[in-house]
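Peer 1: Here it is: the structure, laid out below.
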Amino acid sequence: MKKARLKHFILSLFIFGLLFILIQISRSIVQDIFANPSKYFDPNLSITEISYLVFYNSAILISVLLSYTIYLLFGANIRAEASATIKTRALSEAVQQLTDIYESAPVPYLVLDSKANILIPNKAALRFFGVIKEEILGKNLFYYQPKEDGERVEKFISYYNSNLPINREEARMITKNGKIKSVLLFVFHLTDRLHKGHAGLAVIFDITEEQDLAKAKSEFLSLASHQLKTPAATIKWYSDVLLSSDLGELNQKQRGYAQKIYEVNENMIDLVDTLLNVSRTEIGSLPVDIKSTNVPEIIENVLGELSGQILVKQLKISKLYDKEMENLKSDPKLLRIVIQNLLSNAIKYTPARGSVSIKLEESWSNKSITISDTGIGIPPSEQGGIFSKLFRASNTKDLVDVSGTGLGLYLVKSIMETLKGSIDFKSEQNKGSVFTIKFN
Amino acid sequence: MANKNNKNTILIVDDDTNLRTILFDKLTLDGFNVDSAHNGKEGLEKALATHPDLIILDVLMPVMNGWEMLRKLRLDDWGKNAKVTMLTVLEDADAIAQAMEGGSFNYLVKTNEGIADIVDNVKNTLEV
Numbered sequence: 000m001k002k003a004r005l006k007h008f009i010l011s012l013f014i015f016g017l018l019f020i021l022i023q024i025s026r027s028i029v030q031d032i033f034a035n036p037s038k039y040f041d042p043n044l045s046i047t048e049i050s051y052l053v054f055y056n057s058a059i060l061i062s063v064l065l066s067y068t069i070y071l072l073f074g075a076n077i078r079a080e081a082s083a084t085i086k087t088r089a090l091s092e093a094v095q096q097l098t099d100i101y102e103s104a105p106v107p108y109l110v111l112d113s114k115a116n117i118l119i120p121n122k123a124a125l126r127f128f129g130v131i132k133e134e135i136l137g138k139n140l141f142y143y144q145p146k147e148d149g150e151r152v153e154k155f156i157s158y159y160n161s162n163l164p165i166n167r168e169e170a171r172m173i174t175k176n177g178k179i180k181s182v183l184l185f186v187f188h189l190t191d192r193l194h195k196g197h198a199g200l201a202v203i204f205d206i207t208e209e210q211d212l213a214k215a216k217s218e219f220l221s222l223a224s225h226q227l228k229t230p231a232a233t234i235k236w237y238s239d240v241l242l243s244s245d246l247g248e249l250n251q252k253q254r255g256y257a258q259k260i261y262e263v264n265e266n267m268i269d270l271v272d273t274l275l276n277v278s279r280t281e282i283g284s285l286p287v288d289i290k291s292t293n294v295p296e297i298i299e300n301v302l303g304e305l306s307g308q309i310l311v312k313q314l315k316i317s318k319l320y321d322k323e324m325e326n327l328k329s330d331p332k333l334l335r336i337v338i339q340n341l342l343s344n345a346i347k348y349t350p351a352r353g354s355v356s357i358k359l360e361e362s363w364s365n366k367s368i369t370i371s372d373t374g375i376g377i378p379p380s381e382q383g384g385i386f387s388k389l390f391r392a393s394n395t396k397d398l399v400d401v402s403g404t405g406l407g408l409y410l411v412k413s414i415m416e417t418l419k420g421s422i423d424f425k426s427e428q429n430k431g432s433v434f435t436i437k438f439n
Numbered sequence: 000m001a002n003k004n005n006k007n008t009i010l011i012v013d014d015d016t017n018l019r020t021i022l023f024d025k026l027t028l029d030g031f032n033v034d035s036a037h038n039g040k041e042g043l044e045k046a047l048a049t050h051p052d053l054i055i056l057d058v059l060m061p062v063m064n065g066w067e068m069l070r071k072l073r074l075d076d077w078g079k080n081a082k083v084t085m086l087t088v089l090e091d092a093d094a095i096a097q098a099m100e101g102g103s104f105n106y107l108v109k110t111n112e113g114i115a116d117i118v119d120n121v122k123n124t125l126e127v
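Quick mapping for you: the protein sequence lines, in order, are chains Z and V.
Just so you know, numbering that gives the first Met the number 0 puts 144 at position 145 of the first sequence, and the rest follows in order with no gaps.
Just so you know, numbering that gives the first Met the number 0 puts 93 at position 94 of the second sequence, and the rest follows in order with no gaps.
See below:
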């Protein structure tokens, strides 16, 4: 705006200068006319008539120049104002468009003040909370979270107060009728100074339905697994009795068949247990009981279970235990599932006469369990997906007598997350794999 | 309490006929006096009437489940100290049981135990 005014001022000065020069020129012409009228006019004209003509023409010239100056001076302003009006209108239209988009977006948006009190909720936000605008204005966004989530809510509040964004955090929010919804929460800080007091923008993605579906799926899995356990127990006990000599001795062939039934059933029980644990981690109902955990004892116990395979394959097992690991703060049941899966994989995928080593270490920053093998390894191109559900490496297909559910490592990863630890691995095809789990 | 044959008596309460049958046969073979019931209601009636030395109790059953039967059993003068082994497919039921104040009892997961393990457990519990 200031620049435009300056431009007009300079232009006006220029026009005035031009006018001044023109008046000077016309004055010298007039003087010349009066000095030598015969040069310009009919010598028969009287001096009054000449004066009149000169005056008349000069007046026309001056008034034309004056009006052009005035036009330039004020017209420029008018033009500027007109173009400003057009721009303002376009701006207000854009603002209106943005407001419309904000208002009618299907995703709940809420503009917040510096204390996270709600200033402008959009329609989707009102629908989400089941309220009318007046009911929610001025209320704190974090007030709409269940009391049980206190710790999480405190974290959000401290994030907000320290100007940190809340990005894609899973949270629960309560609506007016008391329904608890699962959401992904985003809260960004607004740096726009046009509207004083607008400090943040909350965006809420309602994932209740997706979560309900996932939960229903996991609950179905849990129910189905429990139902499968009764027939599995039945097969186990009947083949137990057949294999014992309680009902008389079986011949070798009969015993072999009964043994097969027993073994296959044991595999099925393992699978059902794994499915149950997977569904438990997914429902979030895996009970965690942190206490003093004797890691070497768990390892020895698992090795005992796997001793049959170790013997048949003539595997060399080396162990390096740290005394500190006899007293690890963890959940022994869950840690056993992790160790059982990793050890049974190492043994399963290591060819005869290979070796498996178990190393327990403690450093100032963490405690770790490392299980390495000289097995078939995981092809490099597949290493990215080993912790995903139903993963099976392509090089396991040619192995005879090796079964896998594709759930083991997925479960291990989920449990390690539940235990707030981590898992890493290195693997080279046909050389072996190293899995390391760490606890802080 | 021993019966007139001086054998320990065991009451099996389970709704699954096949499981009930194999347990019944195996424990009978091993010299126990065995009776069975197919839900908590029938089990409770038989238990209170015959005072068995041990009750092997399933959890998930129709009519009356195992927890309910255990709770009611513990209200009885004889039943409050009766020996009970819960035998179920539920892995994490011990926590539930404690919350329900079912008194002391053994706890076995069906698929984790071979039938010989169950017999051993029964013998240990009955101290025979």
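Glycine is no exception: its CB is placed at the ideal position from the N, C-alpha and C atoms.
(1) Go through its chain and collect everything with a Cβ distance to Z/Ser371's Cβ below 6 Å, but skip five positions before and after it.
(2) Quick check on V/Lys6 - is its C-beta less than 7 Å from some C-beta in chain Z?
(3) Counting only beta-carbon atoms, is V/Gly30 nearer than 7 Å to chain Z?
(4) Helix or strand or just coil, what does DSSP make of V/Asn111?
(5) Which residues mark the beginning and the end of the beta strand (DSSP E) in which Z/Glu360 is found?
(6) Tell me whether Z/Arg167 sits in a helix, a strand or coil according to DSSP, three-state version.
(7) Just to check my reading of the structure: Z/Asn326 and Z/Asn439 have Cβ atoms closer than 8 Å, yes? What is that Cβ distance to the nearest angstrom?
(8) Just how far apart, CA to CA, sit V/His37 and V/Leu43?
(9) Helix, strand or coil for Z/Lys419, going by three-state DSSP, please let me know.
(10) Buried or exposed, going by whether 16 or more other CB atoms sit within 10 Å of the CB of Z/Gly255?
(11) Determine the direct distance from the alpha carbon of Z/Val301 to that of Z/Lys290, and round the result to whole angstroms.
(12) List the residues of chain V whose Cβ lies closer than 7 Å to the Cβ of Z/Lys259, in chain order.
(13) Distance check for Z/Ile368 and Z/Ile336, CA to CA, integer angstroms please.
(14) I'd like to know if the segment 199–208 of chain Z and the segment 175–190 of chain Z are in contact, where contact means that at least 3 CB-CB pairs between them fall below 8 Å.
(15) Using a Cβ cut-off of 8 Å, which residues of the segment 260–284 of chain Z contact any Cβ in chain V, in chain order?
(16) Taking Cβ positions, are Z/Ile119 and Z/Val110 nearer each other than 7 Å?
(17) Per DSSP, what are the beta-bridge partners of V/Ser35 in this structure?
(18) Among Z/Gly376, Z/Gly407, Z/Asn344, which one has its Cα closest to the Cα of Z/Glu448?
(19) Would a C-beta distance cut-off of 7 Å place V/Ile154 and V/Phe23 closer than the cut-off?
(20) Any chance the segment 285–299 of chain Z sits against the segment 239–258 of chain Z, with 3 or more Cβ pairs inside 8 Å?
(21) In three-state terms, what does DSSP make of Z/Ile77?
(22) When you compare the CB positions of Z/Gln382 and Z/Ile346, do they come within less than 7 Å of one another, or not?
(23) Using Cβ-Cβ distances below 7 Å, what residues of the segment 211–240 of chain Z are close to chain V?
(24) Starting from Z/Ser364, find everything on chain V with Cβ-Cβ shorter than 7 Å and list it in chain order.
(25) What is the rounded straight-line gap between the Cα of Z/Gly407 and the Cα of Z/Ile422?
(26) Distance cutoff 7 Å, beta carbons only. Does Z/Asp245 sit that close to anything in chain V?
(27) Please tell me whether Z/Phe141 and Z/Ala170 are closer than 7 Å, where the distance is taken between their beta carbons.
(28) The alpha helix (DSSP H) that contains Z/Ser62, what's its start and end?
(29) Can you say whether Z/Pro107 is buried or exposed, counting buried as having 16 or more other CB atoms within 10 angstroms of its CB?
(30) Given a threshold of 16 other Cβ atoms within 10 Å of its Cβ, counted over all protein chains shown, does V/Lys3 qualify as buried or as exposed?
(31) Count the other C-beta atoms from every protein chain shown that fall within 10 angstroms of the C-beta of Z/Gln30, then say buried if there are 16 or more, exposed otherwise.
(32) Does chain Z have any CB closer than 7 Å to the CB of V/Lys109?
(33) Going by CA-CA distance only, name the one from Z/Arg126, Z/Tyr158, Z/Arg88 that's closest to Z/Glu102.
(34) Which value, in whole angstroms, describes the spacing of the CA atoms of Z/Lys195 and Z/Val411?
(35) Helix, strand or coil for Z/Tyr348, going by three-state DSSP, please let me know.
(36) What would DSSP say about Z/Ile377, mapped onto helix, strand or coil?
Peer 2: Judging by the given coordinates:
(1) The residue you call residue 371 of chain Z lines up with position 372 of the first sequence. Closer than 6 Å at the Cβ level, and outside the excluded window around Z/Ser371, lie Ser356, Val433.
(2) On the second sequence, residue 6 of chain V is found 7 positions in, with the first residue counted as 1. Answer no: the Cβ-Cβ gap between V/Lys6 and chain Z never drops below 7 Å.
(3) What you label residue 30 of chain V is simply residue 31 of the second sequence in a count that begins at 1. With 7 Å as the cut-off, V/Gly30 does not count as an interface residue toward chain Z.
(4) For the purposes of this step, residue 111 of chain V is identified with residue 112 of the second sequence, where counting begins at 1. Here V/Asn111 sits in helix by DSSP.
(5) Position 361 of the first sequence, counted from the start, is the residue given in the question as residue 360 of chain Z. It spans 354–361 - the beta strand (DSSP E) in which Z/Glu360 sits, taken as one unbroken run.
(6) Numbered from its first residue, the first sequence carries residue 167 of chain Z at position 168. Strand.
(7) For the purposes of this step, residue 326 of chain Z is taken as residue 327 along the first sequence, with counting starting at 1. For the purposes of this step, residue 439 of chain Z is taken as residue 440 along the first sequence, with counting starting at 1. Their Cβ separation, rounded to whole angstroms, is 16 Å, which puts Z/Asn326 and Z/Asn439 out of contact at 8 Å.
(8) As a working mapping, residue 37 of chain V is identified with position 38 in the second sequence. As a working mapping, residue 43 of chain V is identified with position 44 in the second sequence. Using only the alpha carbons, I get a separation of about 11 Å.
(9) Translated into positions along the first sequence, residue 419 of chain Z becomes position 420. Correct three-state label for Z/Lys419: coil.
(10) The sequence position of residue 255 of chain Z within the first sequence is 256, counting from 1. Exposed: under 16 other Cβ atoms inside 10 Å.
(11) Here residue 290 of chain Z refers to the residue found at position 291 when the first sequence is read from its first residue. Here residue 301 of chain Z refers to the residue found at position 302 when the first sequence is read from its first residue. The straight-line gap from Cα to Cα measures roughly 19 Å.
(12) On the first sequence, residue 259 of chain Z is found 260 positions in, with the first residue counted as 1. None at all; the shortest Cβ gap to chain V is about 16 Å.
(13) Here the question's residue 336 of chain Z lines up with position 337 in the first sequence. Here the question's residue 368 of chain Z lines up with position 369 in the first sequence. Near 14 Å, if we compare the C-alpha coordinates of Z/Ile368 and Z/Ile336.
(14) yes
(15) Ile268, Val271, Asp272, Leu275
(16) Taking the first residue of the first sequence as 1, we reach residue 119 of chain Z at position 120. Taking the first residue of the first sequence as 1, we reach residue 110 of chain Z at position 111. Yes, Cβ-Cβ distance for Z/Ile119 and Z/Val110 is below 7 Å.
(17) The residue labelled residue 35 of chain V in the question sits at position 36 within the second sequence. BP columns for V/Ser35 point to V/Ile11.
(18) Because chain Z spans 0 through 439 in this model, residue 448 of chain Z falls outside it and cannot be assessed.
(19) Residue 154 of chain V lies beyond the residue range present for chain V, which begins at 0 and ends at 127; the question has no answer from this structure.
(20) no
(21) The count along the first sequence starts at 1 and reaches residue 77 of chain Z at position 78. DSSP places Z/Ile77 in helix when its eight states are reduced to three.
(22) Numbered from its first residue, the first sequence carries residue 382 of chain Z at position 383. Numbered from its first residue, the first sequence carries residue 346 of chain Z at position 347. No, the Cβ-Cβ distance between Z/Gln382 and Z/Ile346 is not below 7 Å.
(23) His225, Lys228, Thr229, Ala231, Ala232, Thr233, Lys235, Trp236, Tyr237, Asp239, Val240
(24) Within the first sequence, residue 364 of chain Z is the residue found at index 365, counting from 1. Within 7 Å Cβ-Cβ: nothing; Z/Ser364 doesn't reach chain V, min ~33 Å.
(25) Residue numbering aside, residue 407 of chain Z sits at position 408 when the first sequence is read from its first letter. Residue numbering aside, residue 422 of chain Z sits at position 423 when the first sequence is read from its first letter. In a straight line, the C-alpha of Z/Gly407 is about 13 Å away from that of Z/Ile422.
(26) By one-based count along the first sequence, residue 245 of chain Z stands at place 246. Z/Asp245 counts as touching chain V.
(27) Here the question's residue 141 of chain Z lines up with position 142 in the first sequence. Here the question's residue 170 of chain Z lines up with position 171 in the first sequence. Result no, Cβ atoms of Z/Phe141 and Z/Ala170 do not sit closer than 7 Å.
(28) By 1-based counting over the first sequence, the position of residue 62 of chain Z is 63. Run containing Z/Ser62: 46–69, per the alpha helix (DSSP H) assignment.
(29) Within the first sequence, residue 107 of chain Z is the residue found at index 108, counting from 1. By the 10 Å Cβ count, Z/Pro107 comes out buried.
(30) Along the second sequence, one-based indexing puts residue 3 of chain V at 4. Per-residue confidence for V/Lys3 stands at a pLDDT of 47, beneath the threshold of 50, marking its modelled position as unreliable; no derived number is given.
(31) In the first sequence, the residue the question calls residue 30 of chain Z occupies position 31. The residue is exposed, with fewer than 16 neighbouring Cβ atoms inside 10 Å.
(32) In the second sequence, counting from the first residue as 1, residue 109 of chain V sits at position 110. So, interface residue.
(33) As a position in the first sequence, residue 102 of chain Z is number 103, starting the count at 1. Among Z/Arg126, Z/Tyr158, Z/Arg88, the Cα nearest to that of Z/Glu102 is on Z/Arg126.
(34) Translated into positions along the first sequence, residue 195 of chain Z becomes position 196. Translated into positions along the first sequence, residue 411 of chain Z becomes position 412. About 50 Å.
(35) Here the question's residue 348 of chain Z lines up with position 349 in the first sequence. The answer is coil: DSSP assigns Z/Tyr348 none of H, G, I, E or B.
(36) Translated into the one-based positions of the first sequence, residue 377 of chain Z becomes position 378. In the structure shown, Z/Ile377 sits in coil (DSSP, three-state: anything other than H, G, I, E or B).
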